[in-house]
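Student:
Protein chains in written order, with this note's numbering: chain A, 1 to 112; chain B, 113 to 228.
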């Protein structure tokens, strides 16, 4: 992988970290608040279904996580197992795409 | 192990690195399960309720609290790294480490004890 791509991946990791920092604070606060009196599916879905703003928020959250997590895994796999090169890049790309699709599906299930 | 390795590994920043790496790894492994669980809502409220009922077990509650702690630790550790890289606050490293640990613990306890 050339230096320019390495720099782009580094920037992507930091930029998504900044987005995730905001998203996680919102996620933690709403989660702790929502779980005060226990959870039922009807209670959750009654609040969330059809909420476009929260759906958009969680799509951004998922997109950032789908970039950030595979890049972190790439570093760990390269440093721990000395796995490098095209096979690692392909594996990480597949992981990122899978997380994006699964995450978008989960957001749709709750907010769609 | 060389003496330099030992000194490096006894430094708080090394343990911050280990916590950040381990929490990131565990969170990345957890994400697919989290998405699968939320996806249960596609099969209707009853399916999601069955899953939520399963999560009432003590060991799942314990694991949930651990996950919240991991998320808070990765968040605060990540913010610390961003500050070190972009804000040149290097003299404040230990303060940031202590803040990271304290905030993570507070969030984990807030979740575990339902104090909010």
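The C-beta atom is built at its ideal place from N, Cα and C for all residues, glycine as well.
Could you check the C-alpha separation between residue 59/A and residue 25/A for me, to the nearest Å?
Tutor: For the purposes of this step, residue 59/A is taken as residue 59 along the first chain, with counting starting at 1. For the purposes of this step, residue 25/A is taken as residue 25 along the first chain, with counting starting at 1. One C-alpha to the other measures close to 16 Å.
Student: Which parts of the region 116-179 of chain B are runs of the alpha helix (DSSP H), unbroken and 4 residues or longer, counting only runs that do not cross its ends?
Tutor: Correct list: 124-151, 157-166.
Student: Can you say whether residue 171/B is buried or exposed, counting buried as having 16 or more other CB atoms within 10 angstroms of its CB?
Tutor: Indexing the second chain from 1 puts residue 171/B at position 59. The residue is exposed, with fewer than 16 neighbouring Cβ atoms inside 10 Å.
Student: Is any beta-carbon of chain B found at less than 7 Å from that of residue 76/A?
Tutor: Taking the first residue of the first chain as 1, we reach residue 76/A at position 76. Yes, its Cβ sits closer than 7 Å to a Cβ of chain B.
Student: Quick test of your reading: residue 99/A and residue 78/A, contact by CB under 8 Å. State the CB separation rounded to the nearest angstrom.
Tutor: The residue you call residue 99/A lines up with position 99 of the first chain. The residue you call residue 78/A lines up with position 78 of the first chain. Contact doesn't hold; Cβ gap of about 19 Å is too wide.
Student: What's the call for residue 160/B, buried or exposed, on a 16-neighbour Cβ count within 10 Å?
Tutor: Walking along the second chain from the start, residue 160/B turns up at place 48. Label assigned to residue 160/B: buried.
Student: Residues of the region 93-107 of chain A with a CB closer than 7 Å to any CB of chain B: list them in chain order, please.
Tutor: Of all residues in the region 93-107 of chain A, 99, 102, 103, 105, 106 have a Cβ within less than 7 Å of some Cβ in chain B.
Student: Of all the residues that make up the region 28-43 of chain A, which are near chain B by a beta-carbon distance shorter than 9 Å?
Tutor: Cβ contacts with chain B: 28, 29, 31, 32, 33, 35, 36, 37, 38, 39, 40, 41, 42.
Student: Closer than 7 Å, CB to CB, is residue 19/A near chain B or not?
Tutor: Along the first chain, one-based indexing puts residue 19/A at 19. Output row for residue 19/A: interface = no.
Student: What is the rounded straight-line gap between the Cα of residue 72/A and the Cα of residue 136/B?
Tutor: The count along the first chain starts at 1 and reaches residue 72/A at position 72. The count along the second chain starts at 1 and reaches residue 136/B at position 24. Taking the straight line from one Cα to the other gives about 7 Å.
Student: Mapping the DSSP letters down to three states, classify residue 228/B as helix, strand or coil.
Tutor: Within the second chain, numbered from 1, the residue matching residue 228/B stands at position 116. Because residue 228/B sits at a pLDDT of 47, beneath the cut-off of 50, its placement in the model cannot be relied upon, and the following sentence gives the value as read from the coordinates. Three-state result, residue 228/B: coil.
Student: First and last residue of the alpha helix (DSSP H) that includes residue 83/A?
Tutor: Against the first chain, residue 83/A aligns to sequence position 83. Note, residue 83/A: premise wrong, no alpha helix (DSSP H); not H, not E.
Student: Straight-line CA distance for residue 168/B to residue 184/B?
Tutor: The count along the second chain starts at 1 and reaches residue 168/B at position 56. The count along the second chain starts at 1 and reaches residue 184/B at position 72. Each residue's alpha carbon lies about 22 Å from the other.
Student: Name, please, each residue of chain A whose Cβ falls closer than 7 Å to the Cβ of residue 133/B.
Tutor: The residue given as residue 133/B occupies position 21 in the second chain. Under the 7 Å cutoff, chain A gives 76.
Student: Closer than 9 Å, Cβ to Cβ, to anything on chain A: give me those residues from the region 147-159 of chain B, in chain order.
Tutor: Listed by position along the chain: 147, 148, 149, 150, 151, 152, 153, 154, 155, 156, 157, 158, 159.
Student: Please check if any C-beta of chain B sits within less than 7 Å of the C-beta of residue 109/A.
Tutor: Taking the first residue of the first chain as 1, we reach residue 109/A at position 109. Yes - at least one Cβ of chain B is within 7 Å of the one on residue 109/A.
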